[in-house]
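Position in the sequence shown (first residue = 1) + 910 = the numbering used here. Virtual Cβ for every residue (Gly too), placed ideally from N, Cα, C. This structure is a prediction, so every number in the text was calculated from the model and none was measured.
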Amino acid sequence: MAENGTYKAKILLVDDDPALSRLFQYSLTKEGYNCLTAPNAKDGFLTAKEFRPDVIISDIMMPFISGFEFRKMVLEDADLKKIPFIFLTSKSAEDDILEGYDLGIADYVIKTAGPRVVVAKVNALIASLDKEREKAMSELHQAADQLKVKVVPETTPVIPGFEIKQFHRDFGGAPGGDFIDYFQLNANTTALILGDVMGKKWGAWYFAVAYAGYIRSAIRVHLQNSNVFSSKELLEGINLSIYNDAKISEVFATLSIILIDHENKVLKYSGAGDLPLFYRSGATGVTTEIVSNGLLLGFAPEGNFSEHTLNAMPGDAFILITDGVIESRNSEGIPLGEKGLERLLNFMPDGIHPSDYIKDELIRFTGDKFEDDVSIIAIRS
911 MAENGTYKAK ILLVDDDPAL SRLFQYSLTK EGYNCLTAPN AKDGFLTAKE
961 FRPDVIISDI MMPFISGFEF RKMVLEDADL KKIPFIFLTS KSAEDDILEG
1011 YDLGIADYVI KTAGPRVVVA KVNALIASLD KEREKAMSEL HQAADQLKVK
1061 VVPETTPVIP GFEIKQFHRD FGGAPGGDFI DYFQLNANTT ALILGDVMGK
1111 KWGAWYFAVA YAGYIRSAIR VHLQNSNVFS SKELLEGINL SIYNDAKISE
1161 VFATLSIILI DHENKVLKYS GAGDLPLFYR SGATGVTTEI VSNGLLLGFA
1211 PEGNFSEHTL NAMPGDAFIL ITDGVIESRN SEGIPLGEKG LERLLNFMPD
1261 GIHPSDYIKD ELIRFTGDKF EDDVSIIAIR S
């Protein structure tokens, strides 16, 4: 019950009774859960923000902040309010039980019932959540298939002298806000596009479709009016189109653009509010971050975009990512971070493509459970 593949469901237990906490933690850990404890509501709230548990179990009678007040704190937090909540208490009065259910809890457990009952309740709750999630994901994928709209292509372009691969994983299996696209600008130039609409799941996916359409339109206009290909100019045109459209201008996104000159082995990179381009030297194996400094897409008519020109040498790697990569957490709730990705790339063995390597390392690091869309475009020369 506790494990889904290599992922252990995370439980947060908040109780001021240390002996009881140790007993329940032992039972839940033995069942296969990753269980943390907190001695009071304040510490419990801070732990929940960092740990992001799948289920919160809380005592009601605690000093300073009661379990009821703790539940209200959780409900007022956008990141925590949807986490299933179980009250653990010695109180069995009808009014107390009803007050708990009025606060939208998933279940109530009387302490005297013992740890086996707590484990059984958690098992049942996790199983129910898995079924609901599977049903919701199935419905979302059916809707996406019916719309016949894709914001991530199934294949990558073939460019002489370069090997391009991508990795994309939806958030929780639901269509999300990341989008990828590739354009053949002329016989010698290919554009790579990576974007991330702010938000999660279905709403972000809806706007990702609109952004992808704007990008395609802006590129067509650019092709008609210029024979000089510049990632900065391309980004400026896309940004202005989005800023001037009232229906979409208040929905912000990050965007990364790389133009590859096939013949001269030159890359031009620009970004709007994006994460750095990770460059790993084939000669030294050292990874550096190239920062774009541009504003979020559509935030202002002038995005102050820059353009970096990079000469690709044999064995060099260039990696674009969305924030889901660096925000990925391990079983202890620790995020990978930009420096963590940089360290991974520094230790990347020869002969493996960066996209495959990062994908495998992310799955290992997270236990194959991601908290956001994850998208990577990796270029190897």
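Each residue's CA atom was taken as its position, placing Val1131 and His1263 some 34 Å apart. Each of Ile1231, Val1107, Gly942 and Leu1246 was checked against the Cα of Leu1206, and the nearest Cα belongs to Val1107. DSSP places Arg1130 within a helical segment (H, G or I) once states are collapsed to three. For the options Lys1142, Glu1173, Val984 and Leu930, the alpha carbon positioned closest to that of Gly1071 is the one of Glu1173. The beta-carbon distance between Ser1180 and Ile1167, rounded to whole angstroms, is 5 Å. This is short enough to meet the 8 Å contact definition. Of the residues assessed, Leu1255 falls on the buried side of the cut-off, its CB having 16 or more other CB atoms within 10 angstroms. Pairing Ile975 with Leu922 gives a Cβ-Cβ distance that is not under 9 Å. The shortest CA-to-CA distance from Ala1101 to any of Lys991, Lys1178 and Phe1089 is the one to Lys1178. In the three-state DSSP reduction, Ala919 falls in the coil class, being neither helix nor strand. For Thr1232, no beta strand (DSSP E) segment is defined, and its DSSP state is neither H nor E. For the pair Ala1016 and Phe997, the Cα-to-Cα distance works out to about 8 Å. At the C-beta level, Leu1104 and Leu1165 come within 9 Å of one another.
In the assembly as shown, Val1068 is an exposed residue. Its beta-carbon has fewer than 16 other beta-carbons within 10 Å. Annotated three-state conformation of Thr1194 is coil, per DSSP.
Sequence-distant Cβ neighbours of Lys1031 in its own chain, meaning closer than 7 Å and more than five residues away, are Ile996, Asp1017 and Val1019. Bounds of the alpha helix (DSSP H) holding Ser1141 are Ser1141 to Tyr1153.
A distance below 6 Å between beta-carbons, with the five flanking residues on each side excluded, links Asp925 to the following residues of its chain, in chain order: Ser931 and Asp969. When the alpha-carbon of Gly1247 is set against those of Ile1036, Leu1095 and Thr1232, the nearest one is in Thr1232. Note on geometry: alpha-carbon atoms of Thr1066 and Gly1087 lie some 19 Å from one another.
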